[in-house]
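Colleague: Take the sequence shown: its position 137, counted from the start at 1, is 124 in the numbering used here, and no numbers get skipped.
Note that the Cβ used here is the ideal one computed from N, Cα and C, for glycine as well.
Keep in mind the model is a prediction, meaning the values are calculated, not measured.
Have a look at this one before I ask anything.
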Amino acid sequence: MKKKIIHVPNNVNYISDWVGFENEIPQGQVIINKKYPGCGLTYWALHNNIPTVLCVPRKYLAENKVEQMEKEHESCFYFRPSSKTDREKQKEENEKTFMSLRNYITWQNPFSPYQTVPKVIVTYDSLPTIYPILKDSGIDFLYVVDEHQACFQDYTLKPDVIERVSSLLYKLCNVWYISATPILEEYLDRMEFLQNLPYIELEWSEDKIMKVQTQYLPMTSTVDEIGKIISRYRNDGFFDTIIENGICYESTEAIFFVNNVRDIAKVITENKLQASEVNILVANDSKNKKIIKGLGNGFGFGKIPLKGKPHCTYTFCSKCSYFGVDFYSTSASTYVFADSNVKSMCTDLSLDLVQIVGRQRLAENRFRKRCTIYVKTTIGTTTSREQFYADQEMKWQQSEAICNEWNKLSQGALAATEVKRDICPYGVIYEDPLTRERIAKNCVNALIAEQHAWEMRDRIYVRHESVQSVIVRNGFEMADKPGLPPMLLSFIDEFYRLEDDNTRMMYFAQFFDTYPDQLAYSNGIHCISSKYYNYYYIYGSDGLRVFNYDMAALEQYYERYKELYLLTPEITQSFVIGERYSKKYIKDTLTEIYRRCHINKTAKAIDLQEYFNLEDVKISSGLNKRTNGFLIKAK
-12 MKKKIIHVPN
-2 NVNYISDWVG
8 FENEIPQGQV
18 IINKKYPGCG
28 LTYWALHNNI
38 PTVLCVPRKY
48 LAENKVEQME
58 KEHESCFYFR
68 PSSKTDREKQ
78 KEENEKTFMS
88 LRNYITWQNP
98 FSPYQTVPKV
108 IVTYDSLPTI
118 YPILKDSGID
128 FLYVVDEHQA
138 CFQDYTLKPD
148 VIERVSSLLY
158 KLCNVWYISA
168 TPILEEYLDR
178 MEFLQNLPYI
188 ELEWSEDKIM
198 KVQTQYLPMT
208 STVDEIGKII
218 SRYRNDGFFD
228 TIIENGICYE
238 STEAIFFVNN
248 VRDIAKVITE
258 NKLQASEVNI
268 LVANDSKNKK
278 IIKGLGNGFG
288 FGKIPLKGKP
298 HCTYTFCSKC
308 SYFGVDFYST
318 SASTYVFADS
328 NVKSMCTDLS
338 LDLVQIVGRQ
348 RLAENRFRKR
358 CTIYVKTTIG
368 TTTSREQFYA
378 DQEMKWQQSE
388 AICNEWNKLS
398 QGALAATEVK
408 RDICPYGVIY
418 EDPLTRERIA
428 KNCVNALIAE
438 QHAWEMRDRI
448 YVRHESVQSV
458 IVRNGFEMAD
468 KPGLPPMLLS
478 FIDEFYRLED
488 DNTRMMYFAQ
498 FFDTYPDQLA
508 YSNGIHCISS
518 KYYNYYYIYG
528 SDGLRVFNYD
538 MAALEQYYER
548 YKELYLLTPE
558 ITQSFVIGER
568 YSKKYIKDTL
578 TEIYRRCHIN
588 KTAKAIDLQE
598 YFNLEDVKIS
608 SGLNKRTNGF
618 LIKAK
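Quick look at the structure:
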């Protein structure tokens, strides 16, 4: 990957302010990392004088951009494929749309009397359908692939669609893959259609980057947590408050990012929300139609309000609705729900979280710099790296053999066959958009997408600490511990990439030996267990090396250390030699001491024999009542 950083001029707030921006970008295919959502690159693509095809991953994003263009009285063409179920009617309707597209392009052709530049908006899956028309126009279009990380994230759901469009994009001349959250660099050069492309990163001045504070909360149930938020709003009349210059501002809208439509429906039903209060932004498919229909009259698929339009109190968004869209709420609070035990809700924190918080566009919304994320970590068995890669290798060989056999069939026999996912995990059948041949391919892109999904579920989501470290690494500040130095962010990132506790202990000690001044910020690294600090302070680097950084041995000796240096003073000061105490009093006192000293141990009165000699006695405990106890003697 050839990476180049382009510094954005200080006087540029949005890309449309940048005269000659297009001259900064090399010709051909290129990946552009915008660095933050809302910088106006998509707006620039739709309003400049370059013939442009804007390719987007979701209908919601396409419709959002089209509505904005219409509001500004700007010309564009949005290709909507027919939704008719009857094949003949579908074909007829599509032909009319194709004709309209040809007329639009012809009417806008620079060689005609009209000089308006053509702007075409299309979803990824429909690009191969209209490409022949675009090609035949003779116009040298710039293809802008917006939110290109969706090609990566969607691979496990619709690999044939992604393979078809990516194989077409690979063969085009001028393609910009743009995103504020591009595919992670460790995967980027392995994706077949993105390999070895120039990588442009826009470097903005610090004051242009919006810092978002994140409140992180563990959860057990998405539905229950949203119910609590709704209940608090009904009692208080607001979701959150901010005080600025002595004025208290209230958040009276909430956007819930929940990638599970059944959970959304359950929240609405259990909390008796009214249709007028709710905006449901989810995929408009048959499965979701059935779920939403079950909510009763008045409920349906929602729309993203344009700037200046009213918003509902409760907006529910699934993943299909928020990629790249613009929300113009003046007071909405943002809530994100991630559950790695539900496949659809294993939020990709390295990509999705930046996308989510970047959706609120209005500066007057004082709550757009805050986000609350609820997380449920992985429950049950996880797969080791060695086992996972061994399983992948076996499945790859199996898929390769099946795809090879499939491709040996005659084209006439292909129409009646398919590659089944259970026996051919990485095999994809797609139609080449240029040759119209059907091809079976063992796709490395599918393999990589599966690796990333495993990384999220079985490595990151196994601990709350590792989830938090990813959040911090991606530029977010934890609400209670803001402002860690970049060096510590890199340290946290590397720390949780290590495989086991012993290796992490060694890395921890070596890092702080090399950079002792960074210990001043140690209270801010809330996502790393205190045991690493405790062992480092108690044993020192030399002591840790003696134990070979063995965490089990360190733990054993640390427990003994706590008893010697923490418990002994507490206990000897709490009991007086020569005094008599009931066993109940001794047990209750020791329980409180263990709690204060963080000793994970059930208290018993007999524990005192570690510190004193004890003599069994009877102690008066009221009228004619005597209870068992001990006389405390020096040891």
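Please report the straight-line C-alpha distance between residue 238 and residue 314, rounded to a whole angstrom.
Modeller: Inter-residue distance for residue 238 and residue 314 is about 15 Å (C-alpha atoms, whole angstroms).
Colleague: Between which two residues does the beta strand (DSSP E) holding residue 441 run?
Modeller: Where residue 441 is concerned, there is no enclosing beta strand (DSSP E), although the alpha helix (DSSP H) it sits in stretches over 431 to 441.
Colleague: Please classify residue 135: is it buried, with 16 or more other beta-carbons within 10 angstroms of its beta-carbon, or exposed?
Modeller: buried
Colleague: For residue 154, does the count of other Cβ atoms within 10 angstroms reach 16, so buried, or fall short, so exposed?
Modeller: buried
Colleague: Let me know if residue 439 comes out buried or exposed under the rule of 16 or more other beta-carbons within 10 Å of its beta-carbon.
Modeller: buried
Colleague: Check each candidate in 312, 500 and 272 and name the one with the smallest Cα separation from residue 26.
Modeller: 312
Colleague: Between which two residues does the beta strand (DSSP E) containing residue 243 stretch?
Modeller: 240 to 244
Colleague: Count the other CB atoms within 10 Å of the CB of residue 170; is the residue buried (16 or more) or exposed (fewer)?
Modeller: That one is buried.
Colleague: Spatial neighbours of residue 411 within its chain, please: C-beta separation below 6 Å, excluding the five flanking residues on both sides.
Modeller: Around residue 411, the same chain offers 386 and 389 as residues with beta carbons nearer than 6 Å, after the five sequence neighbours per side are excluded.
Colleague: Rounded to a whole number of angstroms, what is the C-alpha to C-alpha distance between residue 101 and residue 38?
Modeller: Note that residue 101 scores 47 on pLDDT, short of 50, meaning its location in the model is unreliable and no value can be drawn from it.
Colleague: Report yes if the C-beta distance between residue 243 and residue 303 is below 7 Å; otherwise report no.
Modeller: yes
Colleague: In angstroms with no decimal places, state the Cα-to-Cα distance between residue 53 and residue 65.
Modeller: 7 Å
Colleague: Taking residue 320 as part of the beta strand (DSSP E), name the residues at either end of that continuous run.
Modeller: 319 to 326
Colleague: Quick check for students: name the residue ranges of the alpha helix (DSSP H) that lie wholly in the stretch 130 to 208, counting only runs of 4 or more.
Modeller: 136 to 140, 146 to 156 and 172 to 175
Colleague: If you drop the 5 nearest sequence neighbours on each side, which residues of the same chain put their C-beta closer than 7 Å to that of residue 566?
Modeller: 619
Colleague: From residue 8 to residue 31, what does the alpha carbon distance come to, in whole angstroms?
Modeller: 10 Å
Colleague: Buried or exposed, going by whether 16 or more other CB atoms sit within 10 Å of the CB of residue 215?
Modeller: exposed
Colleague: Return the first residue and the last residue of the beta strand (DSSP E) that residue 417 is part of.
Modeller: 414 to 418
Colleague: Can you list, in chain order, the stretches of the alpha helix (DSSP H) that have 4 or more residues and sit fully within the stretch 583 to 622?
Modeller: none
Colleague: Contact defined as beta carbons within less than 8 Å: I believe residue 493 pairs with residue 519. What is the distance between those atoms, to the nearest angstrom?
Modeller: Not confirmed; about 10 Å, so no contact.
Colleague: Taking contact to mean 3 or more Cβ pairs, one atom from each stretch, closer than 8 Å, check whether the stretch 149 to 167 and the stretch 415 to 426 are in contact.
Modeller: yes
Colleague: Under a three-way DSSP split, which group does residue 379 fall into?
Modeller: helix
Colleague: What is the DSSP secondary structure of residue 540, reduced to helix, strand or coil?
Modeller: helix
Colleague: Residue 559: which of 594, 446, 531 and 544 sits nearest, CA to CA?
Modeller: 594
Colleague: Which residue from 298, 253 and 282 puts its Cα closest to that of residue 264?
Modeller: 298
Colleague: Can you confirm whether the stretch 267 to 283 touches the stretch 220 to 234 when touching is taken to mean that 3 or more C-beta pairs between the two stretches lie within less than 8 Å?
Modeller: no
Colleague: CB-CB under 7 Å to residue 182, same chain, minus the five flanking residues each way: which ones, in chain order?
Modeller: 176
Colleague: Using a Cβ-Cβ cut-off of 6 Å (strictly less than) and excluding sequence neighbours within five positions of residue 91, which residues of its own chain qualify?
Modeller: 64
Colleague: Tell me the rounded alpha-carbon separation between residue 499 and residue 222.
Modeller: 48 Å
Colleague: Check for me: the alpha helix (DSSP H) holding residue 33 runs from which residue to which?
Modeller: 28 to 34
Colleague: I need the straight-line Cα distance from residue 339 to residue 138, nearest angstrom please.
Modeller: In a straight line, the C-alpha of residue 339 is about 13 Å away from that of residue 138.
Colleague: Could you round the C-beta distance between residue 131 and residue 165 to whole angstroms and report it? I think they count as a contact, below 8 Å.
Modeller: Rounded, the Cβ-Cβ distance is 6 Å, consistent with contact.
Colleague: Counting only the same chain and skipping the five closest in sequence on each side, list residues whose C-beta sits under 7 Å from that of residue -8.
Modeller: 188 and 190
Colleague: Taking the C-alpha atoms as reference points, what is the distance between residue 401 and residue 48?
Modeller: For residue 401, the predicted structure reports a pLDDT of 49, less than 50, and the residue's modelled location is therefore unreliable. A value from the coordinates is still provided. Rounded to whole angstroms, residue 401 to residue 48 spans 35 Å at the Cα level.
Colleague: Using the three-state DSSP reduction, which class does residue 312 fall into: helix, strand or coil?
Modeller: coil
Colleague: For residue 469 and residue 459, what's the separation of their Cα atoms in angstroms?
Modeller: Residue placement at residue 469 cannot be trusted, given a pLDDT of 48 that sits under 50; the coordinates are not used to answer.
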